[in-house]
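> For the sequence shown, the working numbering assigns the number 42 to the initial residue and increments by one for each residue that follows.
No residue lacks a Cβ here, since even glycine has one placed at the ideal position from N, Cα and C.
One structure is given below, represented as structure tokens, and several questions about it will come after.
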Amino acid sequence: MAQTQTQQTTSPSVASTPKSSSASTAAITPITNPACGEVVQGNVNLTANLNCTGDGLIVGADNTVINLNGYTVSGPGQQSSKVGVVVPNNDNVMVTGPGVIKGFQAGILATGSNNVQIKSIILTGNEIAVFTTGSTNTQVQENIIKNNNLGVASHSSKGASLMSNLITGNELAGVTLVNTHKAIIAANNIEGGQNGLFLDAQSSENTINMNNVLHNVIDLNNANGLAPNINVNSFADNNCMVSNPSGLCIGR
């Protein structure tokens, strides 16, 4: 079987925002009508579409909730270096819809963060829809992730949860895990990419259960054919047609 390998992705270029101290928190006013490029905290509700030539919103404190409130955050294009929502070194952050994030190098980037929840958003036309790096316990739930180059990319992260998402038409891969551990990927529909789900050899102790992974060149790809017991990944009850190695799909 021809082997299709997911390319390594690099982090979008975005200025890092340090975690707020008590002094810096006092200087940042919670925003209900944010503009492109603003550092935000607290409960943030969009009241209009954002058409950005740079980054969209940058989270500046722990315990921030961004509600797209039915609006769209648009960027300068997926070949740019810009990000729709940046979560740099902040914990307990939620980005929720309904709403759309489109036209960025990364739709949502979580770096060095813990307990980031991404829910009920349409992410489309980005280079990478959701990109986590050096993060723990990221939750990606009930989103529509379509027509990006990569759907969800997790690098050097731990404990992610991807559940009940529609991940479709993402050219290179629906989901790719690189040096990622103890992720749970369950009850997703993943279709229409070169790889439906790709894990590299350094990704271990991940659980992939009860997904529909169909109409990809390779539906389930564990390190281009590495036996899953070697990197200790678990595949069970996945509805798919083509896996590498074989035997990862129900009845195949």
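Between residue 193 and residue 170, which are expected to be in contact by the criterion C-beta below 8 Å, what is the C-beta distance as a whole number of angstroms?
Yes, residue 193 and residue 170 are in contact; Cβ-Cβ is about 6 Å, under 8 Å.
> Scan the stretch 193-264 and note each continuous beta strand (DSSP E) run of 3 residues or more that stays entirely inside, going in chain order.
Entirely contained in the stretch 193-264, the beta strand (DSSP E) runs reaching 3 residues are, in chain order, 202-204, 207-209, 214-219, 225-227, 230-232, 236-240, 248-250, 253-255, 259-263.
> Can you give the beta carbon distance from residue 87 to residue 124, rounded, assuming they're within the 8 Å contact cut?
In fact, because the Cβ distance is near 16 Å, the residues do not count as touching under 8 Å.
> Are the Cβ atoms of residue 121 and residue 91 separated by less than 8 Å?
Cβ distance not < 8 Å, so residue 121 and residue 91 don't count as in contact.
> Would residue 205 be called buried (16 or more neighbouring beta carbons within 10 Å of its own) or exposed?
Residue 205 comes out exposed.
> Taking its Cβ as the centre, do 16 or more other Cβ atoms sit within 10 Å of residue 23, making it buried, or is it exposed?
What is shown of the chain runs 42 to 293, which leaves residue 23 out entirely.
> Under the assumption that residue 128 contacts residue 154 (Cβ atoms under 8 Å), give the Cβ distance between them as a whole number of angstroms.
Correct: roughly 5 Å between the Cβ atoms.
> Give the secondary structure of residue 145 by DSSP, where H, G and I count as helix, E and B as strand, and everything else as coil.
If DSSP states are grouped into helix, strand and coil, residue 145 belongs with coil.
> State the CB to CB distance for the pair residue 218 and residue 247, rounded to an integer number of angstroms; the pair is presumed to be in contact (CB under 8 Å).
About 6 Å; that satisfies the 8 Å criterion.
> Cα separation between residue 64 and residue 80?
Because the pLDDT at residue 64 is just 32, under 50, the model does not fix this residue reliably, and the point stays unresolved.
> Determine the contact status of residue 278 and residue 236, defining contact as a CB-CB distance below 8 Å.
It is not a contact, given that the beta carbons lie outside the stated cut-off.
> Would you kindly check if the distance between the Cβ of residue 85 and the Cβ of residue 99 is under 8 Å?
Result no, Cβ atoms of residue 99 and residue 85 do not sit closer than 8 Å.
> When DSSP labels each residue in this structure, what does residue 185 get in the three-state scheme?
DSSP places residue 185 in strand when its eight states are reduced to three.
> What number of angstroms, rounded off, separates the C-alpha of residue 225 from the C-alpha of residue 75?
Their backbone Cα atoms lie some 33 Å apart in a straight line.
> From 167, 260, 264, 222, pick the residue whose C-alpha is nearest to that of residue 96; which is it?
Closest option to residue 96, Cα to Cα, is 167.
> Using a Cβ-Cβ cutoff of less than 6 Å, which residues in the same chain neighbour residue 157 once the five nearest sequence positions on both sides are dropped?
Answer for residue 157: 128, 134, 151, 179, listed in chain order.
> Measuring alpha carbon to alpha carbon, tell me which of 108, 292, 222 ends up nearest residue 163.
Considering only alpha carbons, the answer is 108.
> At the level of alpha carbons, what is the spacing between residue 276 and residue 94?
Rounded to whole angstroms, residue 276 to residue 94 spans 42 Å at the Cα level.
> On the criterion of 16 or more Cβ atoms from any shown chain inside 10 Å, does residue 262 qualify as buried, or is it exposed?
Buried is the call here.
> Look at the alpha carbon of residue 294 and the alpha carbon of residue 186, and state the distance between them as a whole number of angstroms.
The first residue shown for the chain is 42 and the last is 293, placing residue 294 beyond what the model contains.
> Does residue 141 pass the burial test, meaning 16 or more other C-beta atoms within 10 Å, or should it be called exposed?
Buried, by the Cβ-count rule.
> The beta strand (DSSP E) spanning residue 158 covers which residue range?
It spans 157-160 - the beta strand (DSSP E) in which residue 158 sits, taken as one unbroken run.
> Between the Cα of residue 191 and those of 274, 233, 199, spot the shortest distance and give me the residue it belongs to.
Residue 191 has its Cα closest to that of 233, out of 274, 233, 199.
> Have a look at residue 146 and residue 209 and give me their C-alpha separation to the nearest angstrom.
Using only the alpha carbons, I get a separation of about 18 Å.
> Among 112, 83, 119, 130, whose alpha-carbon lies nearest the alpha-carbon of residue 105?
Nearest option by C-alpha distance: 83.
> What's the call for residue 139, buried or exposed, on a 16-neighbour Cβ count within 10 Å?
With fewer than 16 other Cβ atoms within 10 Å, it is exposed.
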